[in-house]
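In terms of the working numbering, the sequence shown opens at residue 1217 and continues consecutively. Written below as structure tokens is the structure these notes are about.
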Amino acid sequence: MAGDQVYIFDTTLRDGEQVPGCKLNAHEKVDLAKRLEELGVDIIEAGFPISSPGDFESVNLISKTIKNSVVCGLSRAVQKDIEVAGEALKYAKRPRIHTGIGTSEYHIKGKFNSNREDILQRAIQCVKWARNFTDDVEFYAEDAGRTENEYLARVIEAVIKAGATTVNIPDTTGYCLPSQYGAKIAYLKNNVSNIDKAIISCHCHNDLGLATANAISGVISGARQVECTINGLGERAGNTSLEEVVMIIKQHKDLGFFTNIKTTQLNPLSRLVADTMRVPVQPNKAIVGANAFSHSSGIHQDGFLKDSSTYETINPDDVGADGSKIVLTARSGRSALAHRFQKIGFDFTRNDIDVLYQSFLQLADKKKEIEEADLRKLAEQYQPAMSTAL
1217 MAGDQVYIFD TTLRDGEQVP GCKLNAHEKV DLAKRLEELG VDIIEAGFPI
1267 SSPGDFESVN LISKTIKNSV VCGLSRAVQK DIEVAGEALK YAKRPRIHTG
1317 IGTSEYHIKG KFNSNREDIL QRAIQCVKWA RNFTDDVEFY AEDAGRTENE
1367 YLARVIEAVI KAGATTVNIP DTTGYCLPSQ YGAKIAYLKN NVSNIDKAII
1417 SCHCHNDLGL ATANAISGVI SGARQVECTI NGLGERAGNT SLEEVVMIIK
1467 QHKDLGFFTN IKTTQLNPLS RLVADTMRVP VQPNKAIVGA NAFSHSSGIH
1517 QDGFLKDSST YETINPDDVG ADGSKIVLTA RSGRSALAHR FQKIGFDFTR
1567 NDIDVLYQSF LQLADKKKEI EEADLRKLAE QYQPAMSTAL
């Protein structure tokens, strides 16, 4: 396939599980990991092994199960963390250790009570420790979004020299604007002498609703990995949404990128994750929300029924959705009403619809949505004037 591949790093089982109430057991994690691999995810972040015996077990079991995707374990810049991650991943066919440390002044002073030089040395050391267990080491510069660019470039250059093969540039607090985040990635591309020896990764949070926009801006500026979750689950307001990033890349072919994701599995997997993690998907969620392909405005319905591309840029079949829906409300028009009647077997003339529409509006003003049973009742009441019944 022409173009540059964007690697999809899924952290539903790690960052997604940090949502209150979303704790998964080992069996659930393994099942979801298998589905993520089937989806075409390149890297599965299976957990944070040092955090609990249960997480260690989950990472270990996933390592034994997954055959094609990279299996990743998170650690802090602490030797014991890295050793435990290495042990948890020892059965993985393609193991990765994801280690790092905060690089912004907020973290250096407020969290570590340290200084830039000490943090730089700790960053180098954690990568060297991780390289004892695997050649695939990812370094994260926590709060890179608020880290001064010149210092961030120093850290990134040093960790690549120490052996990091992927460098993660997190907008940990979801603070950056897309232009700022893209400029930060571009700065690293232009000012880190050995940046060609590593893949730049975007890990964006959604505190200001900009996670997906920031990730795409990062990719346009040179990043080639996006860290995301199914349904955008994650700490606080969530992470970059996997389904959004994948479909933006697929729909905007002019960008010149592609992923290995099998998009027809997006909706089924979204529902499975929502059920397993017990977090419903908001109805208006892009790509996988219940209303993502629903039309209730009369103007929209009329245009859609004439040509679906007037109001849909994605074919529902491409993402495994249940098809487009014409929802009847008091805002709906005659064309939508005729369409829904036809769907249940009633072929009314235009004059019939004009008459029925008035009865429909009276009912629609009383109800939020007109269901099939309501339509049948309207049709049966209108039987004497009906031109044709199928």
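Every residue gets a Cβ at the ideal spot worked out from N, C-alpha and C, and that includes glycine. Just so you know, these numbers come straight off a predicted model, no measurement behind them.
- By the neighbour-count criterion, in which a residue is buried when 16 or more other Cβ atoms sit within 10 angstroms of its Cβ, Glu1366 is exposed.
- If you draw a 10 Å sphere on the C-beta of Gln1337, you find fewer than 16 other C-beta atoms in it, and that means exposed.
- Straight-line spacing of the CA atoms in Asp1271 and Ala1399 works out to 36 Å.
- The alpha-carbon of Ala1293 is positioned some 52 Å away from that of Ser1512.
- For the pair of segments examined, the region 1522-1541 was found not to touch the region 1567-1576: the number of CB pairs separated by less than 8 Å stays below three.
- In the displayed model, Gln1221 falls within a strand according to three-state DSSP.
- With contacts defined by Cβ atoms closer than 8 Å, Ala1414 and Ile1376 form a contacting pair.
- A direct Cα-to-Cα measurement between Leu1458 and Leu1252 gives close to 11 Å.
- In the structure shown, Ala1402 falls within a helical segment according to DSSP collapsed to helix, strand and coil.
- Straight-line spacing of the CA atoms in Phe1355 and Gly1316 works out to 5 Å.
- DSSP, reduced to helix, strand and coil, places Gly1549 outside both helices and strands of the structure shown, so it counts as coil.
- Of the residues Arg1547, Glu1333, Ile1515 and Val1275, the one whose Cα lies closest to the Cα of Gln1578 is Arg1547.
- For Asp1563, the number of other beta carbons within 10 angstroms of its own is below 16, and it is reported as exposed.
- DSSP places Lys1584 in the coil class of the three-state scheme, outside both helix and strand.
- With contacts defined as CB atoms closer than 8 Å, Asp1518 and Gly1549 qualify as a contacting pair.
- Along the region 1281-1316, the beta strand (DSSP E) occurs as fully enclosed runs of 3 or more residues at 1286-1292, listed in sequence order.
- The straight-line gap separating the alpha-carbon atoms of Glu1443 and Gly1361 is approximately 15 Å.
- With a beta-carbon spacing of about 7 Å, Arg1494 and Cys1238 fall inside the 8 Å limit used to define contacts.
- In terms of CA proximity to His1419, Ala1357 leads the group Glu1528, Ala1357 and Asn1476.
- For Asn1483, no beta strand (DSSP E) run applies; the uninterrupted alpha helix (DSSP H) run containing it begins and ends at Leu1482 to Met1493, by DSSP.
- Of the candidates Gln1341, Ala1402, Ser1395 and Gly1318, the residue whose Cα lies closest to the Cα of Thr1363 is Gly1318.
- Pairing Leu1404 with Ile1432 gives a Cβ-Cβ distance that is not under 8 Å.
- By the beta-carbon neighbour count (other beta carbons within 10 angstroms, threshold 16), Glu1588 is exposed.
- Within the region 1351-1414, the runs of beta strand (DSSP E) at least 3 residues long that lie entirely inside it are, in chain order, 1353-1358 and 1382-1387.
- Annotation note: the region 1457-1543 contains the following uninterrupted alpha helix (DSSP H) runs of length 4 or greater, listed N- to C-terminal: 1458-1467, 1482-1493 and 1514-1522.
- Note that the C-beta distance between Thr1475 and Gln1295 is not below 8 Å.
- In this structure, DSSP gives Asn1455 an extended state, which the three-state scheme calls strand.
- The residue among Asn1500, Ser1417, Glu1233 and Thr1492 with its C-alpha nearest the C-alpha of Ile1224 is Ser1417.
- Judged by their CB atoms, Val1543 and Glu1596 are not nearer to each other than the 8 Å cut-off.
- As DSSP reads the structure, Asp1226 sits in a beta bridge with Ile1260 and Cys1444.
- Straight-line measurement puts the Cα of Leu1290 at about 22 Å from the Cα of Asp1334.
- The shortest CA-to-CA distance from Lys1245 to any of Thr1228, Ser1510, Gly1390 and Asp1297 is the one to Thr1228.
- Under the three-state reduction of DSSP, Ile1416 is assigned to strand.
- Note on geometry: alpha-carbon atoms of Gln1574 and Leu1482 lie some 40 Å from one another.
- Beta-bridge annotation (DSSP): Gly1318 is paired with Glu1358.
- By the C-beta density criterion, Gly1232 is buried, having at least 16 other C-beta atoms within 10 angstroms.
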